[in-house]
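Heads up: the structure comes next, in structure tokens.
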Amino acid sequence: MNTKILAINLVLLFIYCTLIVVETQGPERELGVLILTAMFLVLHVGANSVISVLYFIRKRPDLGKTYLLSALLVGLIGFGTCFLSVSV
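With my numbering as the guide, the letters of the sequence shown map in order to residues 2 to 89.
Now the structure itself:
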């Protein structure tokens with residue numbers, strides 16, 4: 002398992018969640034943060050899932066499993082972060 006891929010994906014999650022929370026302004030700030038974070042999470046998890054399937058097709062199950070685990074972790078951590086950022 003390649004932990005470098007997991008680390009890069011978690012750092013990327015942290016960066017875009019932080020930027021969304023810091024840069025979103027206005028009277029409906031919480032709703033904007035929720036929608037933007039959810040949209041980026043769907044794109045991130047979707048990209049990791051597609052990459053995982055492509056590696057499984059190319060007979061590279063080690064990288065396929067790593068990207069699949071990365072998609073699951075980003076989804077779980079991001080889901081909590083998405084709702085936590087709205088409540089703060």
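Glycine is no exception: its CB is placed at the ideal position from the N, C-alpha and C atoms.
Look at the alpha carbon of residue i and the alpha carbon of residue j, and state the distance between them as a whole number of angstroms.
{"i": "R59", "j": "Q26", "result": "44 angstroms"}
{"i": "G33", "j": "T82", "result": "14 angstroms"}
{"i": "V46", "j": "T38", "result": "12 angstroms"}
For residue i, which three-state DSSP category applies?
{"i": "T19", "result": "helix"}
{"i": "G27", "result": "coil"}
{"i": "M40", "result": "helix"}
{"i": "N132", "result": "Since the first residue shown for the chain is 2 and the last is 89, residue 132 is missing from the structure and cannot be characterised."}
Hey, does residue i have any beta-carbon neighbour from chain D nearer than 7 angstroms?
{"i": "V75", "result": "In the structure shown, chain D cannot be found, because there is only a single protein chain."}
Could you check which residue in the options has the C-alpha nearest to that of residue i?
{"i": "L77", "options": "P28, V34, V43", "result": "V43"}
{"i": "A48", "options": "L35, G65, K5", "result": "G65"}
task: May I have a chain-ordered list of the alpha helix (DSSP H) segments no shorter than 4 residues that lie completely inside the stretch 49 to 88?
output: Along the length of the stretch 49 to 88, whole alpha helix (DSSP H) runs at least 4 residues long occupy 62 to 88, reported in chain order.
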